[in-house]
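Chains as they are written, first to last, in our numbering: chain C, 9 to 506; chain S, 11 to 277.
In this text, a Cβ means the ideal position worked out from N, Cα and C, and glycines have one as well.
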Amino acid sequence: MTNDYIIEVNHVSKQFEDGKYALDDVSLQVKKGEFVTILGPSGCGKTTLLRCIAGFQVASSGYILLKGEDVTSTPPYKRPVNTVFQKYALFPHLNVFDNVAFGLKMKKMEPETIVRKVKAALKMANLTGYEDREVDTLSGGQQQRVAIARAIVNEPEVLLLDEPLSALDLKMRHDMQIELKELHDQLGITFIYVTHDQEEALTLSDRVVVMSEGKIQQIGTPTDIYNEPQNCFVADFIGESNILSARMIKDKKVEFCGKVFDCIDEGFGENEPVDIVIRPEDIYVWDKAQEKRGQIVGQEDDDAEDRVPKGKFTRWYGEVQSCIFKGVHYEIRALTPDGYEFLIQDYHEYLPGTEIGMLVKPEDIQVMKKEHDIYNYFDGEIVKNGKVRFLGADWDVDEKQLESYNVGDEVRVGVKFRDVELQDYEEEGTLSGEVHFILYKGNHYHLTILTDDGDTLFVNTNDVWDDGDRVGVTIAPDHIYLMSREQQRQIEDEDRDE
Amino acid sequence: MSKLTDLVSARRTWAWPYVLFLVLFVVLPLLLIFYYAFSTPGGDFTIQNFVKFFHTSEAVNTLIYSMAIAFITTVICLLLGYPAAYIMAMAEFKTPQVMALLFILPMWINFLLRTIATVELFHMFGLPLGEGALLFGMCYDYLPFMIYPIYNTLQKMDRSLIEAAQDLGADKTNVFTKVILPLSVPGIYSGIVMVFMPTVSTFAIAELLTHNKITLFGSLIQRSFGEGGIAMWNYGAALSLIMLVIIAATSFFDQERDHDAQKGGLL
């Protein structure tokens, strides 16, 4: 089999002893010479993926090809890859020269060759003259360079970098980013770079792999990832964004904020609920007071007329809540009459209280498939005392609903996202869990709650919670709907036609 | 009144009991040893005590023999202790503390009792007491002192260093010889000193496990004071001083290493 992929990760899963998946069916192809960044929040599995490629961890299932050769269970010392570790992992008992020469000595190279190669690598890392220094006398940035030199001196096919810049201060990090990019161009080898810093990922890479919860959310060029996020997680994780629930009326027509907008997306079902993303810099704004007979007119010193694109675009209006100067632009928060909040970036200042008009070009509305809609559905069982058991807890249910069931019956349980109530104190809940992911959807927060048993629960709320908050979960008895699978399907269809 | 409060609150005030203790039980005895070692029973200055030692081949041989026994004990403890420490620190034990506890458990019992128990064990199994029993008893008593410092250094070692070595092409043998072993040297040195120092001066173990057939340097000193009567105190003091110098030499050697280790041990 010949192709230009140097690394192929095929359906790799990694399950830890506690049963949790660090990697869940991950597939990734990397071309020779590419700079690929694996991006995600901590605990998303990015480091595990890197360690599987390096050989420090063995995948539970799936396989990894390196240059077409299966290396899934090859020990790390036999792989043509080298790693730059997060905390450098320099050998404290060796000086700079011996640290860099370590790999070459393992290969039993001629001493003269070693000296020549080490000198070349140190030169590349701007460390000439540091050969005899003890590594602990070096600054963080210098140690980082030694770690890079120690890896590249072996001329690996692939260089793996595990958050290499995370321990450096901001300025040093920026300098090193540029150096790494230059190094990649000079060496022409494949770089696989793991980071949680989205800016770093967008700046450095040819392609970005966004990961969350052990799964790949999206693979694409930095511009793809930014402009066309495939789901709410990617949209929210990369850059600032306005994420709203919307409805696809038909091809190229989407409805949100009670208005119908033109867009460029097709292929969704009619009336299908979707999520949309609008980047704050893609919203055009103007002062509503300057608008005459539907024409957008600027002040004398303003060129609103030229700035705002002409044409039959849907406009909507709101009131400026806050306007903060951010250096290059102003960050404006505007509230629409029906309660949606928009984040806008503009070069002009609009004072709080100003009524503004807003407009977005069809191509700047990114439509995404909705992963989940209105209801949480669970498998449940009727238990004694008028309760139903689901998510590992017993819940009170409306007596009327129970009439058609007997104790021991299995049912589907539906609970609307909006009907799940969160309590400050875990003990007050029928169930306790942790706020796992927060998404602001313009007029409410969409939370993912991870219960202590590892189940997920979606909640829509207007209350403000923080990531990692411990909460108690309660649901009012009349908000728990018992149904059969058949009825569930009907409800889902009805929601669509609503 | 305020003077009293000042006195109580001053930190140096609280050091006085310790200073007193040190003077009474460390400095004074040391000075006495010096005085006795360099004087005749009559109180005149002399180096005769040392001359006597170096001219008594039995005494010199005992010193050499004691050091040899201590050396062999240390080597055996190192050979047994390093793998034990390594297994505890490296292997993915769910509860390495339990293993560490098991190693330290015998130390909860006074070593004299343990040694007497060892003697009984030898009797029970019909094994002869003597040099072999002595070495066994010494290793049994001092093995934890070897395991602990080594375990500590290995335990604290940054695991990513092992991964880095593997990543750079080192197989298991090379990971050990090129990274783990050099980095555990400070622990090895501490272990050696912790075992060698007490074993070179021991006497109770020797008396019990050899039925007084083997005399160690510690026993020689003990006899000089215990059986020799007041006339032998000067000679005993001289022997003590010689031992002190030897032990001081080993611990000085250790301090040198400690300094090095600190220099090299920081990441």
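C-beta contact flag for isoleucine 233/C and isoleucine 246/C at 7 Å: Walking along the first sequence from the start, residue 233/C turns up at place 225. Walking along the first sequence from the start, residue 246/C turns up at place 238. In contact: isoleucine 233/C and isoleucine 246/C (Cβ atoms closer than 7 Å).
Nearest neighbour of serine 69/C, chosen from Ile340/C, Ala30/C and Gly388/C [CA to CA]: Along the first sequence, read from residue 1 onward, the residue named residue 69/C stands at position 61. Per the Cα distances, Ala30/C.
Can you grab the Cα-Cα spacing for the pair asparagine 134/C / phenylalanine 105/C, in whole Å? Within the first sequence, the letter at position 126 stands for residue 134/C. Within the first sequence, the letter at position 97 stands for residue 105/C. If I take the Cα positions, the gap works out to 13 Å.
Buried versus exposed, by CB contacts within 10 Å (16 or more), methionine 7/S: With chain S running from 11 to 277 in the structure shown, residue 7/S is simply not present.
Same chain, Cβ closer than 6 Å to aspartate 534/C, five either side skipped, listed in chain order: Only positions 9 to 506 of chain C appear in this structure, which leaves residue 534/C out of reach.
Would you kindly check if the distance between the Cβ of phenylalanine 55/S and the Cβ of phenylalanine 48/S is under 7 Å? Indexing the second sequence from 1 puts residue 48/S at position 38. Indexing the second sequence from 1 puts residue 55/S at position 45. Taking 7 Å as the Cβ cut-off, phenylalanine 48/S and phenylalanine 55/S qualify as a contacting pair.
Taking DSSP as the reference, what is the three-state secondary structure of valine 66/C? Mapped onto the first sequence, residue 66/C falls at position 58. Coil, per DSSP.
Burial state of isoleucine 332/C (16 or more Cβ within 10 Å): Stepping through the first sequence from its first residue, residue 332/C is reached at position 324. Label assigned to isoleucine 332/C: exposed.
So if DSSP puts serine 49/S in a beta bridge, which residue, or which two residues, is it bridged to? Walking along the second sequence from the start, residue 49/S turns up at place 39. Paired residue(s): Phe55/S.
By how many angstroms is the C-alpha of valine 36/S removed from the C-alpha of phenylalanine 235/S? Taking the first residue of the second sequence as position 1, residue 235/S is located at position 225. Taking the first residue of the second sequence as position 1, residue 36/S is located at position 26. Answer to the nearest angstrom: the Cα atoms are 18 Å apart.
Smallest Cα separation from lysine 54/C: which of Thr145/C, Gln94/C, Val79/C and Val89/C? By one-based count along the first sequence, residue 54/C stands at place 46. Checked all of Thr145/C, Gln94/C, Val79/C and Val89/C; the closest Cα to lysine 54/C is Gln94/C.
Given this structure, state the Cα-to-Cα distance separating threonine 344/C from aspartate 501/C, to the nearest angstrom. Here the question's residue 344/C lines up with position 336 in the first sequence. Here the question's residue 501/C lines up with position 493 in the first sequence. Approximately 30 Å, taken between the alpha carbons.
Whole angstroms is fine: what's the gap from alanine 271/S's alpha carbon to tyrosine 96/C's? For this step, residue 271/S is matched to residue 261 along the second sequence. For this step, residue 96/C is matched to residue 88 along the first sequence. Low confidence applies here, because alanine 271/S scores a pLDDT of 45, under 50, leaving its location unreliable; read the following figure in that light. Their backbone Cα atoms lie some 20 Å apart in a straight line.
I'd like the list of long-range same chain contacts for aspartate 309/C, defined as Cβ closer than 8 Å, with 5 residues on each side in sequence excluded. Counted from its first residue, the first sequence places residue 309/C at position 301. Note on aspartate 309/C: pLDDT 49, under 50, position unreliable in the model; no value is reported.
Beta-carbon of alanine 97/C versus every beta-carbon of chain S: anything under 7 Å? Numbered from its first residue, the first sequence carries residue 97/C at position 89. Yes, its Cβ sits closer than 7 Å to a Cβ of chain S.
Any contact of the segment 168-181 of chain S with the segment 98-115 of chain C, i.e. 3+ C-beta pairs under 8 Å? yes
Please list the terminal residues of the continuous alpha helix (DSSP H) segment that includes glycine 149/C. If you number the first sequence from 1, residue 149/C lands on position 141. Per DSSP, glycine 149/C belongs to the alpha helix (DSSP H) from 148-160.
Give the C-beta separation of threonine 38/C and isoleucine 200/C to the nearest angstrom, bearing in mind that I take them to be a contact with Cβ-Cβ under 8 Å. By one-based count along the first sequence, residue 38/C stands at place 30. By one-based count along the first sequence, residue 200/C stands at place 192. A small fix is needed here, since residue 38/C is valine in this sequence, not threonine. Their Cβ separation, rounded to whole angstroms, is 7 Å, which keeps valine 38/C and isoleucine 200/C in contact under 8 Å.
Verify the CB distance criterion: does proline 39/S have a CB-CB separation below 7 Å to chain C? Position 29 of the second sequence, counted from the start, is the residue given in the question as residue 39/S. Answer no: the Cβ-Cβ gap between proline 39/S and chain C never drops below 7 Å.
Is the beta carbon of lysine 125/C within less than 6 Å of some heavy atom of the ligand HEM? As for the ligand HEM, it is missing from this structure, which has no ligand bound.
Would you call the segment 400-417 of chain C and the segment 205-223 of chain C touching, i.e. three or more CB-CB distances under 8 Å? no
Please list, in chain order, all residues of the same chain as glycine 91/S whose beta carbon is under 7 Å from its beta carbon, the five residues on each side excluded. Mapped onto the second sequence, residue 91/S falls at position 81. Taken in chain order, the residues that qualify are Leu153, Met156, Ile157, Ile160 and Gly201.
Following the continuous beta strand (DSSP E) through glutamine 37/C, name the residue where it begins and the one where it ends. Along the first sequence, one-based indexing puts residue 37/C at 29. Counting along the chain, the beta strand (DSSP E) containing glutamine 37/C begins and ends at 29-39.
Between which residues of its own chain and glutamine 185/C is the CB-CB distance below 8 Å, once the five residues before and five after are set aside? On the first sequence, residue 185/C is found 177 positions in, with the first residue counted as 1. Counting only Cβ-Cβ distances below 8 Å, and skipping sequence neighbours, we find Leu173, Glu208, Thr211 and Leu212.
Cα-Cα separation between glycine 149/C and leucine 176/C, rounded to whole angstroms: The sequence position of residue 149/C within the first sequence is 141, counting from 1. The sequence position of residue 176/C within the first sequence is 168, counting from 1. Distance between the alpha carbons of glycine 149/C and leucine 176/C is about 7 Å.
Sequence ranges, alpha helix (DSSP H) only - wholly within the segment 134-180 of chain S, length at least 4: 141-166 and 169-177
Could you check the C-alpha separation between tyrosine 325/C and glycine 361/C for me, to the nearest Å? Your numbering for residue 325/C matches position 317 in the first sequence. Your numbering for residue 361/C matches position 353 in the first sequence. Their backbone Cα atoms lie some 12 Å apart in a straight line.
Using the Cβ count rule (16 or more neighbours within 10 Å means buried), how would you classify glutamine 307/C? Here residue 307/C is taken as the residue at index 299 of the first sequence, counted from 1. Because the pLDDT at glutamine 307/C is just 49, under 50, the model does not fix this residue reliably, and the point stays unresolved.
Output the distance between the C-alpha atoms of lysine 22/C and cysteine 60/C, rounded to the nearest integer angstrom. For the purposes of this step, residue 22/C is taken as residue 14 along the first sequence, with counting starting at 1. For the purposes of this step, residue 60/C is taken as residue 52 along the first sequence, with counting starting at 1. Roughly 9 Å between the two C-alpha positions.
Between the CA atoms of leucine 359/C and proline 511/C - distance to the nearest angstrom: Lying outside 9 to 506, the shown extent of chain C, residue 511/C is not represented and no answer is given.
Burial state of proline 230/C (16 or more Cβ within 10 Å): Counting from one through the first sequence, the residue named residue 230/C turns up at place 222. Its Cβ being crowded by 16 or more others within 10 Å, proline 230/C is buried.
Taking the alpha-carbon positions, what's the glutamate 16/C to isoleucine 272/C distance? Reading the first sequence from its first residue, position 8 is the one you call residue 16/C. Reading the first sequence from its first residue, position 264 is the one you call residue 272/C. Cα to Cα, the separation comes out at about 34 Å.
Cα-Cα separation between histidine 204/C and leucine 178/C, rounded to whole angstroms: Reading the first sequence from its first residue, position 196 is the one you call residue 204/C. Reading the first sequence from its first residue, position 170 is the one you call residue 178/C. Cα to Cα, the separation comes out at about 14 Å.
Residues of chain C with CB closer than 7 Å to the CB of asparagine 184/S, please, in chain order. Along the second sequence, one-based indexing puts residue 184/S at 174. Ordered by position in chain C, the residues that pass the 7 Å Cβ test against asparagine 184/S are Met114.
In chain order, what residues of the segment 76-95 of chain C put their CB closer than 9 Å to some CB of chain S? Pro83, Pro84, Tyr85, Lys86, Arg87, Val89, Asn90, Thr91, Phe93, Gln94 and Lys95
Any beta carbon from chain C within less than 7 Å of glutamine 176/S's own beta carbon? On the second sequence, residue 176/S is found 166 positions in, with the first residue counted as 1. It does; some Cβ of chain C falls within 7 Å.
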